[in-house]
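Participant: Got a structure here, written out as structure tokens. Questions coming.
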Amino acid sequence: MVDVTVVVPVFNRQSLVIDALNAIAAQTCLPRQAVVVDDGSTDATVEAVRRWMAEHGSRQAESRRWCVRLYTRPKKTAAAARQFGLTHCDTTEFVAFLDSDDLWPRDFLERAVAAMSCDSKIVASSTDRRFVDTAGTVFQQDDCRALARNPIRWLFQYGAGVASCTLFRRAAVDAAGGWDDSLKTAEDAALFARVASLGRWTHLPGNAVTLRQGRGKNGMEEGNLSQKHTDRLQRWAGAYEKIYDELQGHHPESDRRLLRRYVAAYWYRAGKQWALQRNEDAARRCFDNAVSWWPLMLRPRLRRYRLAATCCDRRQQI
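Going by the numbering used here, the sequence shown opens with residue 74, and the numbers climb by one from there.
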């Protein structure tokens, strides 16, 4: 058993979460505790977890006994559920945040704890990740060595979907302020960027964590929550603006220039999203923001020009 807490937030994933719990129970080194936080599910998720806890507890050998707790809360955000789990558990040296639709390889905790126990300056360790669809087909696999080399650059370029494949030092998460429960998207990027500024981030060679995409085998379970918002790209752009402003003093100018380009790219993508929804005013504001973050970026200028031309044509037709 290792000195790890696993926090599992869940919303309307009555079968997916059971697979995630089985993956924890199958670890070669078990955590001291797991905390499942139900974020206002309206299906049978709570009943399924309670049934799993009862059945699993009866099957546990004394030598492999570990604590599993379930909390239920009114619907809020995934960040709020994770923070609630973090504050309602015994303090351990390490903490992991496993999304309820993801799966660990059997040796994940063993590898991660061994790597981090060798150096107290390591604040996070990540293994590779692979994405599978509802049929179990792998459609993307990511080598996360670049994440370890430059976490901030990775978070800005690729997003922060690495919670499930990372073990964190609990003291670093606390020092970074924990999860911002007011954020509905990009909450992981905000926290992980602060954690990355506190120490080293390392890579764990070996089997990848499986990130499942879709709504489960029955097609009825909750999908990726960040994809639900029609303004999600604008939310991401605003979140990365705040992260940049907060951390810009920690990086050399060469890195800051690159990060500004990434922020501009988020605003440009947000503008395209609004343009597809025919919200021209919102699209125009996003394109303007992209140019303000990276004046040499031509694509938002062209899009802005096309929007103006389209509006002019409409006025002439009227």
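Beta carbons: idealized from backbone N, C-alpha and C, even for Gly.
Remember, it's a predicted structure, so these values are computed and weren't measured experimentally.
Which one of V364, R330 and R377 has the shortest CA to CA distance from N352?
Facilitator: Position 279 of the sequence shown holds residue 352. It is R377 whose Cα lies nearest to the Cα of N352.
Participant: Does the stretch 267-286 touch the stretch 212-231, meaning 3 or more C-beta pairs lie closer than 8 Å?
Facilitator: Yes, the stretch 212-231 is in contact with the stretch 267-286.
Participant: So, do the stretch 158-165 and the stretch 232-242 have three or more beta carbon pairs nearer to each other than 8 Å?
Facilitator: Not touching, per the Cβ criterion.
Participant: Measure the alpha-carbon distance for W340 versus R374 and round it to whole angstroms.
Facilitator: Translated into positions along the sequence shown, residue 340 becomes position 267. Translated into positions along the sequence shown, residue 374 becomes position 301. C-alpha separation (whole angstroms): 12 Å.
Participant: Pairs of beta-carbons, one from the stretch 343-363 and one from the stretch 315-329, closer than 8 Å: are there three or more?
Facilitator: Short answer: they don't touch.
Participant: For D261, which residues from the same chain have a beta carbon less than 6 Å from its beta carbon, with the 5 sequence-adjacent residues on both sides left out?
Facilitator: Against the sequence shown, residue 261 aligns to sequence position 188. Excluding residues within five positions, the ones whose Cβ falls inside 6 Å are A233 and A236.
Participant: When the Cα of S193 is compared with those of A343, T275 and G322, which residue comes out closest?
Facilitator: The sequence position of residue 193 within the sequence shown is 120, counting from 1. Per the Cα distances, T275.
Participant: In angstroms with no decimal places, state the Cα-to-Cα distance between V246 and V364.
Facilitator: Sequence index remark: in the sequence shown, residue 246 carries index 173 (1-based). Sequence index remark: in the sequence shown, residue 364 carries index 291 (1-based). Going from the Cα of V246 to the Cα of V364 covers about 34 Å.
Participant: Bridge partners of R242, per DSSP?
Facilitator: The residue labelled residue 242 in the question sits at position 169 within the sequence shown. Paired residue(s): F167.
Participant: Hey, could you find the ends of the alpha helix (DSSP H) R329 is sitting in?
Facilitator: For this step, residue 329 is matched to residue 256 along the sequence shown. E326 to L349 is the span of the alpha helix (DSSP H), which, as asked, contains R329.
Participant: Could you work out which residue in R203, G287, V282 and R342 is closest to G311 when comparing CA atoms only?
Facilitator: Translated into positions along the sequence shown, residue 311 becomes position 238. Considering only alpha carbons, the answer is R342.
Participant: Which term fits N28, buried or exposed, when burial requires 16 or more other beta carbons within 10 angstroms of its beta carbon?
Facilitator: The structure shown has nothing for residue 28, since the chain only spans 74 to 391.
Participant: Along the beta strand (DSSP E) that carries P82, what are the first and last residues, could you check?
Facilitator: Translated into positions along the sequence shown, residue 82 becomes position 9. Residues V75 to V83.
Participant: Could you pull the start and end residues of the alpha helix (DSSP H) that A152 belongs to?
Facilitator: Here residue 152 refers to the residue found at position 79 when the sequence shown is read from its first residue. A151 to T160 is the extent of the alpha helix (DSSP H) around A152.
Participant: In the DSSP assignment, what are the bridge partners of T283?
Facilitator: Mapped onto the sequence shown, residue 283 falls at position 210. Beta-bridge pairing links T283 to L176 and R203.
Participant: Quick one: any contact between the stretch 87-103 and the stretch 197-213, if contact means 3 or more CB pairs under 8 Å?
Facilitator: No, because fewer than three Cβ pairs between the stretch 87-103 and the stretch 197-213 fall closer than 8 Å, the two stretches do not touch.
Participant: By how many angstroms is the C-alpha of L103 removed from the C-alpha of P278?
Facilitator: Stepping through the sequence shown from its first residue, residue 278 is reached at position 205. Stepping through the sequence shown from its first residue, residue 103 is reached at position 30. Spanning the two alpha carbons is a distance of roughly 20 Å.
Participant: So, helix, strand or coil for R308, using DSSP?
Facilitator: Residue numbering aside, residue 308 sits at position 235 when the sequence shown is read from its first letter. Looking at R308 - three-state DSSP - the assignment turns out to be helix.
Participant: Is the beta carbon of V77 closer than 8 Å to that of V83?
Facilitator: Mapped onto the sequence shown, residue 83 falls at position 10. Mapped onto the sequence shown, residue 77 falls at position 4. No. Outside cutoff.
Participant: Thinking just about the alpha-carbon of each residue, which of P178, W177, R179 and S198 is nearest to the one in A187?
Facilitator: Numbered from its first residue, the sequence shown carries residue 187 at position 114. Per the Cα distances, S198.
Participant: Cα-Cα, which of P368, C359 and A169 is closest to G251?
Facilitator: Along the sequence shown, read from residue 1 onward, the residue named residue 251 stands at position 178. Minimum Cα distance to G251 is reached at A169.
Participant: Should T150 be labelled buried (16 or more other beta-carbon atoms within 10 Å of its own) or exposed?
Facilitator: For this step, residue 150 is matched to residue 77 along the sequence shown. Counting Cβ neighbours within 10 Å, T150 comes out buried, since at least 16 surround it.
Participant: Nearest by alpha-carbon distance to E314: which of D111, A259, V75 and R142 is it?
Facilitator: Taking the first residue of the sequence shown as position 1, residue 314 is located at position 241. It is A259 whose Cα lies nearest to the Cα of E314.
Participant: Nearest CA to the CA of A107: which residue from A117, A281, E120 and V79?
Facilitator: Taking the first residue of the sequence shown as 1, we reach residue 107 at position 34. Comparing Cα positions, the closest option is V79.
Participant: Starting from L369, trace the beta strand (DSSP E) in both directions and tell me its first and last residue.
Facilitator: Position 296 of the sequence shown, counted from the start, is the residue given in the question as residue 369. Here L369 belongs to no beta strand (DSSP E), and DSSP marks it neither H nor E.
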